[in-house]
Amino acid sequence: MFQRILPYLLAGISVGGQYALIAVGYTMVYGILRLINFAHGDIFTAAGFFMVYLTASGMPMYFSIPLVVILTVLLGFTVERVAYKPLRSAPRMSIMISAIGVSYLLQHLMWYITGGLTKQYPTIPWISDTVTVLGASTRRVTIITPFLVAALVVALVALIKKTKIGMAMRAVSRDFETAQLMGIKINNVISTTFIIGSALAAVGSFLFFSNYTAVSPPAGAMPGLKAFVAAVFGGIGSIPGAVFGALIIGICENFIKSVGYANFSDAFTFALLIVVLLFKPTGLFGEKTSEKV
Amino acid sequence: MSLLTVSDLRVSYGGIEALKGISFSVEEGKIVTLIGANGAGKSTTLRTIAGLVKPASGKIEFEGKDITGHDAQKVVSGGIALVPEGRRVFDNLSVLENLRIGAYLRKDEAGIKSDIEHVYELFPRLKERHWQLAGTLSGGEQQMLAVGRAMMTRPKVMMMDEPSLGLAPLVVKDIFSIIKTLNESGMTILLIEQNANAALRCAHEGYVLETGRITMAGTCAELLNDQRVKGAYLGSASKK
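Note that the protein sequences, when read in sequence, are chains A and B.
If you want my numbering, it's the 1-based position in the first sequence plus 1005.
If you want my numbering, it's the 1-based position in the second sequence plus 2.
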């Protein structure tokens, strides 16, 4: 029995960890801007294409991997500056619509650039090797993902709890105006949030596309949406919540596959979203929403 | 020589003029109060000086330099702090972190540490609760924290927006005695209050603001004895 479910459990934890890296980006941006950054999934896809094209150009991996992170961060930063920052004092609905617009813009730009063809993700040596764990054969990336995710999340939480910029992020997430009165440059803090979220999405893209090797313009839409559900499930705004939600979703999906309902696994995620919104809209770790006075 | 001078300041919100050309000045070492009814433009005045609101016209000078239209960040680093209405402490930060964030722009760690100690001396209750989240403090304690947080910016002028609002009468007394203490230690204070009686008893000079205009000015003793002020703002509380 255990032998039969182990591969699914491993795959579930692994894909859950990959969703978690995307979900953290959603939840951090929501925490500060109260914005669901619909473009986040497409930024994740773009990271996949950056890797495809940089590798195709003959660049060695040790160079292209950091460069993918830098390019993804630049993209996330630029999206914020161009599409969200000018709407800072606009109604929240406007910025949300802008985010949807950016999502489609990025997706269609990728259609245009790639000609709509699905690209093969390059094999990153070592992490793509096949290994055997307790008799189950899997790729090394599956084993690495949970440890890498745990390390990154611990580092992130430490950054937010212990550093000066983390303190500023928490202050800005609560009250823009008073944060400004303290001399905090709101825009720098918001940019930092997008930079961190995009960098994590880039790391997620290495792991995710090493597993599911086809990169196409809508490739990031589904993991992006699932990561979003994970963030809502965990309580949007909460980083541990997003990670926990992502792991649950990843594991459940794979268990559903293991019992032969593979076609139903995506539907499960969204059914979960509906159930959460109906019965616990603040999510598992969500704070009670208290209106600002 | 006045530290802060506002001349002919006009501010509009979406076509409605909230300040219709007000002028006043704050001398170094004084407590100056702006009194007036709700909607007279008191908060707008402070928010404009603090850089949260951009004026339509007029001039704000601080230490002889024009600071009109400067960003909030620049204003606070120049030495003007605002204790906002409703305290607005960061309820998700600890008491200590709230003080630390007041020192956000400062790099002098030793100075920050000694200033935190100074705030704790002034408000021992904050020291007892330094690790608690600010959201768990009482209203009066939050007001003390908001003042302490502003002190951490090392201001030359502290502006206070309705510090007594929503506090129990005994706590209000505390707050006004804190304002006095701060002032005696050399802080210049610009205070706005609906509680005109307490404000005029605490301050040196006062201005009366009515629907975006300054209608009266004088020393607090003069204003306290003025029949119009008595009638409009002091009510029966203006017994001698």
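The beta-carbon is built from N, C-alpha and C at its ideal position, and this holds for glycine as well.
| field | Spatially closest choice to A:S1019 from A:F1269, A:L1289, A:G1225 and A:I1254, by CA coordinates | value | The sequence position of residue 1019 of chain A within the first sequence is 14, counting from 1. A:S1019 has its Cα closest to that of A:I1254, out of A:F1269, A:L1289, A:G1225 and A:I1254.
| the segment 206-221 of chain B contacting the segment 32-44 of chain B, beta-carbon criterion three pairs below 8 Å | yes
| field | Sub-7 Å separation of B:S27 and B:D10 beta-carbons | value | By 1-based counting over the second sequence, the position of residue 27 of chain B is 25. By 1-based counting over the second sequence, the position of residue 10 of chain B is 8. No, they are not a contact pair.
| said: One question on the structure: do B:M160 and B:A83 come within less than 7 Å of each other, judged by their Cβ atoms? | reply: In the second sequence, residue 160 of chain B corresponds to position 158, counting from 1. In the second sequence, residue 83 of chain B corresponds to position 81, counting from 1. Yes; because the gap between Cβ atoms is below 7 Å, this pair is in contact.
| Quick one: what's got a C-beta closer than 6 Å to B:L6's C-beta in the same chain, skipping five residues either side? | For the purposes of this step, residue 6 of chain B is taken as residue 4 along the second sequence, with counting starting at 1. Same-chain partners within the cutoff: V28, F64 and V159.
| request: Report the residues of the segment 1087-1109 of chain A with a CB closer than 9 Å to any CB of chain B, ordered along the chain. | output: none
| said: Just to confirm the assignment: which complete beta strand (DSSP E) runs, minimum length 3, are found wholly within the segment 136-181 of chain B? | reply: 159-163
| task | Could you tell me whether the segment 1257-1269 of chain A touches the segment 1008-1022 of chain A, where touching means 3 or more Cβ pairs closer than 8 Å? | result | yes
| Does the beta carbon of B:Y106 come closer than 7 Å to any beta carbon on chain A? | Mapped onto the second sequence, residue 106 of chain B falls at position 104. For B:Y106, the answer is yes, since a Cβ of chain A falls inside 7 Å of its Cβ.
| Closest Cβ-Cβ distance between B:I114 and chain A: below 7 Å? | Counted from its first residue, the second sequence places residue 114 of chain B at position 112. No, its Cβ sits nowhere closer than 7 Å to a Cβ of chain A.
| query | What's the call for B:E186, buried or exposed, on a 16-neighbour Cβ count within 10 Å? | reply | The residue you call residue 186 of chain B lines up with position 184 of the second sequence. Exposed, because fewer than 16 other Cβ atoms sit within 10 Å of the Cβ of B:E186.
| request: Please determine, among A:V1194, A:L1153, A:F1181 and A:T1032, the residue with the shortest C-alpha to C-alpha distance to A:G1171. | output: Within the first sequence, numbered from 1, the residue matching residue 1171 of chain A stands at position 166. Nearest option by C-alpha distance: A:V1194.
| Among B:E195, B:D163 and B:I180, which one has its Cα closest to the Cα of B:G188? | Taking the second sequence and counting its residues from 1, one reaches residue 188 of chain B at position 186. Taking only the C-alpha atoms, the option nearest B:G188 is B:I180.
| Min CB distance B:E99 to chain A below 7 Å | Here residue 99 of chain B is taken as the residue at index 97 of the second sequence, counted from 1. Interface residue, yes.
| Residues near A:L1278 in its chain [Cβ-Cβ closer than 8 Å; skip 5 each side] | Looking up residue 1278 of chain A in the first sequence gives position 273. So the list reads V1234, V1237 and F1238, once near-sequence residues are dropped.
| request: Return no unless some Cβ of chain A is closer than 7 Å to the Cβ of B:I24. | output: Against the second sequence, residue 24 of chain B aligns to sequence position 22. So, not an interface residue.
| query | Can you name the start and end residues of the beta strand (DSSP E) that A:F1049 belongs to? | reply | The residue given as residue 1049 of chain A occupies position 44 in the first sequence. Not the beta strand (DSSP E): A:F1049 falls in the alpha helix (DSSP H), residues H1045 to A1061.
| message | Could you compute how far the alpha carbon of A:L1289 sits from the alpha carbon of A:K1169? | response | In the first sequence, the residue the question calls residue 1289 of chain A occupies position 284. In the first sequence, the residue the question calls residue 1169 of chain A occupies position 164. Those two C-alpha atoms are separated by around 28 Å.
| said: Under 7 Å, CB to CB, which of the residues in the segment 1182-1201 of chain A have a partner in chain B? | reply: E1182, T1183, Q1185, L1186, M1187, G1188, I1189 and K1190
| field | Secondary structure of B:D117, DSSP reduced to three states | value | On the second sequence, residue 117 of chain B is found 115 positions in, with the first residue counted as 1. Three-state result, B:D117: helix.
| task | Report yes if the C-beta distance between A:F1082 and A:F1199 is below 7 Å; otherwise report no. | result | Looking up residue 1082 of chain A in the first sequence gives position 77. Looking up residue 1199 of chain A in the first sequence gives position 194. Result yes, Cβ atoms of A:F1082 and A:F1199 sit closer than 7 Å.
| query | Which first and last residues belong to the beta strand (DSSP E) in which A:T1135 is found? | reply | For this step, residue 1135 of chain A is matched to residue 130 along the first sequence. Looking at the DSSP string, the run of the beta strand (DSSP E) that includes A:T1135 is T1135 to V1138.
| query | Cβ atoms of A:V1078 and A:S1203: under 7 Å apart, would you say? | reply | Within the first sequence, the letter at position 198 stands for residue 1203 of chain A. Within the first sequence, the letter at position 73 stands for residue 1078 of chain A. Against a cut-off of 7 Å, the Cβ pair of A:V1078 and A:S1203 comes out as a contact.
| Amino acids of chain A, ordered along the chain, whose beta-carbon sits closer than 9 Å to that of B:T155 | As a working note, residue 155 of chain B is residue 153 in the second sequence. Simply L1186, M1187 and G1188.
| request: Report yes or no: is there a C-beta of chain B within less than 7 Å of the C-beta of A:M1006? | output: The residue you call residue 1006 of chain A lines up with position 1 of the first sequence. No, because no Cβ of chain B sits closer than 7 Å to the Cβ of A:M1006.
| task | State the CB to CB distance for the pair A:I1132 and A:I1149, rounded to an integer number of angstroms; the pair is presumed to be in contact (CB under 8 Å). | result | Counted from its first residue, the first sequence places residue 1132 of chain A at position 127. Counted from its first residue, the first sequence places residue 1149 of chain A at position 144. Right, the Cβ-Cβ distance comes to about 6 Å (below 8 Å), so this counts as a contact.
| task | Starting from the beta carbon of B:P86, find every residue of chain A whose beta carbon is closer than 7 Å, and list them in chain order. | result | Position 84 of the second sequence, counted from the start, is the residue given in the question as residue 86 of chain B. Simply T1183 and L1186.
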